[in-house]
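Structure first, then comments.
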Amino acid sequence: MKNISRKIALVLSLSAVLGLSACATQEPQPPVALEDTSVSGLTIIYGTEPLARSVGFLGGKVYQDGSLKRMSGSIKNLTQATFPVEYQVTWHDVNGAPLPNASSWTRVTLNPRAQKPISSFAKGTEGQSAVLTFKVPADVEIFIPEPDPVEVMRYQQEQAARNAAQ
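The sequence shown runs -24 to -1, 1 to 142 under mature numbering (1 follows the signal peptide of the UniProt record, and there is no 0).
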């Protein structure tokens, strides 16, 4: 009788432990930066956290091209899904004030793991720095999937290599 009650107590305690461990919550993902200032002269703004997790900006640079400044780089889809993204480039003067004549929003469709080049010239010689803003189009209701871990790792390695080169 004593052995049976011990076995029952053991089974109940193991059930309780397993039941509680099944209820354990996953650790929340760390917040994603919606603003990236790692490229000199360029601020990259991602409109939402899912978008910031799902796309990256590679090879970004701002440089002198003749008498005007130029911004270039590529947006990369880090997911296995196709979805549209809009971007806009605004130029700022030496004091950080936005210049008139900002470009309109441009829509691109990103295929899985694909890159699309982005380039913009300052509208005048006073343009010194650029702000590149990404957003999901307002007229599109989409689910942005979680990024492919392999693509995220490649993107992080490319970012680390770029930062080490600077």
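Where a beta carbon is used, it is the ideal one built from N, C-alpha and C, also for glycine. The model shown is predicted, which means the values in this text are computed figures rather than measured ones.
Where do the N-terminal and C-terminal ends of the beta strand (DSSP E) with residue i fall, by residue?
i	result
Glu62	59 to 68
Ala106	105 to 111
To the nearest angstrom, report how far apart residue i and residue j are at their CA atoms.
i	j	result
Leu86	Pro113	13 Å
Gly49	Gln40	15 Å
Ser16	Arg130	22 Å
Gln132	Gln104	27 Å
Leu34	Val70	25 Å
Ser95	Leu18	12 Å
Glu127	Ala141	21 Å
Kindly identify the DSSP beta-bridge partner or partners of residue i.
i	result
Gln91	Lys52
Thr82	Tyr63
Met47	Val38, Ser96
residue 227	Past the boundaries of the shown model lies residue 227; the chain is included only from -24 to 142, so the question cannot be answered.
Leu74	Here the sequence assigns Pro to residue 74, which means Leu is not the residue at that position. The partner list for Pro74 (beta bridge, DSSP) reads His68.
Val31	Asn53
Which two residues bound the contiguous alpha helix (DSSP H) that contains residue i?
i	result
Glu11	Where Glu11 is concerned, there is no enclosing alpha helix (DSSP H), although the beta strand (DSSP E) it sits in stretches over 11 to 15.
Val128	125 to 141
Can you name, in chain order, every residue of its own chain whose Cβ lies under 6 Å from the Cβ of residue i, other than the five neighbours on each side?
i	result
Phe97	Leu44, Arg46
Asn77	Lys99
Gln91	Ser50, Lys52
Val116	Pro60
Ile20	Asp12, Phe33, Leu108
Pro93	Ser50
Assuming residue i contacts residue j (C-beta within less than 8 Å), just tell me the rounded distance between them.
i	j	result
Val65	Ala106	6 Å
Leu54	Val31	6 Å
Suppose the cutoff is 7 Å on Cβ atoms and the five residues either side in sequence are ignored; what does the same chain contact list for residue i look like?
i	result
Asn139	Ser14
Glu102	Asp69, Leu75
Among residues of its own chain, excluding the 5 on either side of residue i, which ones have a beta-carbon nearer than 8 Å to its beta-carbon?
i	result
Leu27	Val61, Phe110, Lys111, Val112, Ile120
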